[in-house]
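Notes follow once the structure below has been shown.
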Amino acid sequence: MPVNFQEVRKHVMEFGEKALLREKELLAKKEQASAYLNANADNATALQEKVQQALQYDRALRCAIPHEAPLTLRHAPPLKQPSVTLIAADGSQINFDRHAEVQYALINYGAIITHSDLSDAPKTTNQSELFIGDQLYTSSGIISDNELAFARDLGERAFIASLSENCTPPIISLTDGPLELWRTRETDSGDSSEQEKHLAKYQNILKQLESRRVMVAGYVDRPIFNLVIRLLELSLASQAELSNLRNFQPFRGVTDFDLFGTILQPQERSAVFYIQSLSSKYYKDELRIGFFYLNIGQPGYPYLARVEIPAWVAEDLEALDDLHVSLLDQCHILEGHPYPYLLHRAHEIAKVSIQEKEQVDRMVAMELRRRGLIVKGLSHKQFQKNSLGRTRIR
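So the number in my numbering is just where the residue sits in the sequence shown, counting from 1, plus 3.
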């Protein structure tokens with residue numbers, strides 16, 4: 004059956020009737036949040052103390068913690084052009100599919116290396132990791148999509164670490180998305196020995212990169228998080244409201260974009276903040292994860308990226324300036340829709356096409372048959388779906 008457009012239209016019209024009122028309410032909240040940020044711009048210590056109070060009631064609290072003051076600080080783009088090596092890496096994956104003809108999972112990594120002065124042609128490379136047979140199993144059973152994404156996050160950083168060994172420092176490494184490994188961001192699932200092992204490996208990778216002066220950065224395009232907004236909300240909370248903090252959201256619907264989109268001029272970066280989350284216990288001291296916002300938009304049309312960095316980069320002004328300029332240069336290459344060019348190229352190198360997946364399917368099936376093993380073929384469900392033709396998203 005096709006989409007019930009009549010039903011959808013009814014919901015769209017209901018939303019449209021309320022949209023204008025919602026926009027007015029959001030605008031009032033944005034103005035209140037902005038005024039409160041300005042009023043507390045120099046109260047970093049008091050805000051830090053309030054975060055510690057809130058953690059007594061909700062250890063899963065996720066918000067920003069001030070590092071630089073004032074909180075409304077604006078850093079203009081540095082004039083000095085850095086001389087740095089740039090490495091960008093990305094990954095894509097084929098998830099385990101129980102309905103497929105053969106069962107496996109795959110991660111493909113792509114990377115590109117260049118120098119800021121373009122003295123040499125960029126170098127591209129990739130590597131693939133196949134999970135098959137016993138490799139498909141974790142302590143919780145068959146590897147899930149989330150577990151594979153977790154392995155991919157870790158693998159991207161390990162790939163960068165191996166590539167950086169042959170590069171001349173200082174080095175800037177870029178990955179798409181947050182620095183926190185995906186599976187540890189929102190849930191307290193770090194008690195399993197397998198996850199602890201992966202986290203220990205990641206910590207070692209980050210320490211290696213620091214020792215080689217590799218400025219690690221995670222680039223989050225058009226972020227929708229409310230880390231600073233949440234900091235402002237909890238600072239407003241009374242003692243009673245702190246005990247029920249998850250239901251205390253006076254600025255609900257407002258994002259950090261709404262705050263810093265009005266503060267930052269094009270090409271400026273914000274003050275640095277640190278991240279308070281469940282995963283903070285894994286990232287301590289020089290590995291503590293911080294971030295700043297960068298406006299890569301045009302006058303009157305702000306467009307923000309959140310750039311995540313470890314503490315050793317956050318506390319090094321020269322490193323921050325080099326990263327700031329390098330990101331602006333990279334985004335300028337794709338000026339119409341600014342995004343770091345090297346990350347775009349790394350994604351192109353890493354992505355797996357449908358044809359490539361089908362080729363891996365055939366490769367695995369042929370090898371099993373060559374060894375005299377039985378290939379089960381498609382599940383009945385998948386066979387019936389395929390017989391209809393590939394006309395649907397899923």
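Positions of the beta carbon are idealized from the N, C-alpha and C atoms, including for glycine.
Check                                                                                                                                                                         : Outcome
By how many angstroms is the C-alpha of Ile299 removed from the C-alpha of Leu330?                                                                                            : 9 angstroms
For Asn41, which of helix, strand or coil comes out of DSSP?                                                                                                                  : helix
Which of the three DSSP states, helix, strand or coil, is assigned to His398?                                                                                                 : No information on residue 398 is available, as it lies outside the stretch 4 to 397 that the chain covers here.
What are the boundary residues of the alpha helix (DSSP H) that includes Leu157?                                                                                              : 148-167
CB-CB under 7 angstroms to Gln270, same chain, minus the five flanking residues each way: which ones, in chain order?                                                         : Pro80, Asn298, Leu331
Which of the three DSSP states, helix, strand or coil, is assigned to Tyr205?                                                                                                 : helix
Rounded to a whole number of angstroms, what is the C-alpha to C-alpha distance between Glu71 and Phe294?                                                                     : 11 angstroms
What does a CB cutoff of less than 8 angstroms around Glu159 pick up in its chain, not counting 5 residues either side in sequence?                                           : Ala92, Asp93, Gly94, Tyr112, Thr178
Are the CB atoms of Leu109 and Ile97 nearer to each other than 7 angstroms?                                                                                                   : yes
Please classify Tyr205 as buried or exposed, where buried requires at least 16 other C-beta atoms within 10 Å of its C-beta.                                                  : buried
When the distance is taken between beta carbons, is Leu281 closer than 7 angstroms to Ala57?                                                                                  : no
Looking at the structure shown, is Gln55 part of a helix, part of a strand, or coil, going by DSSP?                                                                           : helix
Name the residue from Ile175, Arg372, Tyr39 whose alpha carbon lies nearest to the alpha carbon of Ser119.                                                                    : Ile175
Using the C-alpha atoms, what's the distance from Leu24 back to Cys170?                                                                                                       : 55 angstroms
Would you mind reading off the limits of the beta strand (DSSP E) that contains Thr127?                                                                                       : 126-134
Helix, strand or coil: how does DSSP classify Glu10 here?                                                                                                                     : helix
Whose C-alpha, out of Phe251, Ile227, Ser273, Leu239, is nearest the C-alpha of Val257?                                                                                       : Ile227
For Leu30, collect the residues of the same chain with a Cβ closer than 6 angstroms to its Cβ; drop the 5 residues on either side in sequence, then sort them by chain order. : none
Determine the direct distance from the alpha carbon of Leu230 to that of Glu244, and round the result to whole angstroms.                                                     : 18 angstroms
Provide the residue(s) that pair with Ala114 in DSSP beta bridges, ordered along the chain.                                                                                   : Ala92, Thr128
Would you report the Cα separation of Gln358 and Lys32, rounded to the nearest angstrom?                                                                                      : 49 angstroms
Provide the residue(s) that pair with Glu311 in DSSP beta bridges, ordered along the chain.                                                                                   : Gly221, Phe294
Quick one: grab the DSSP three-state call for Leu177.                                                                                                                         : strand
If you count every other CB in all the chains shown that lies within 10 Å of the CB of Leu82, and 16 or more means buried, which is it?                                       : exposed
Which of the three DSSP states is assigned to Ala22 in this structure?                                                                                                        : helix
Since Pro85 and Val328 should fall inside the 8 angstroms C-beta cutoff, what is the C-beta to C-beta distance between them, to a whole number of angstroms?                  : 6 angstroms
Alpha carbon to alpha carbon, what distance is there between Asn247 and Glu20?                                                                                                : 32 angstroms
Span of the beta strand (DSSP E) holding Gln242?                                                                                                                              : That residue, Gln242, is in no beta strand (DSSP E); its alpha helix (DSSP H) goes 242-245.
Taking all protein chains shown into account, decide if Glu338 is buried (16 or more other Cβ within 10 angstroms of its Cβ) or exposed.                                      : exposed
Skipping 5 residues on each side, what residues in its chain have a beta carbon closer than 8 angstroms to that of Pro172?                                                    : Thr88, Arg215, Arg216, Val217
Look up Tyr344 in the DSSP assignment and say whether it is helix, strand or coil.                                                                                            : helix
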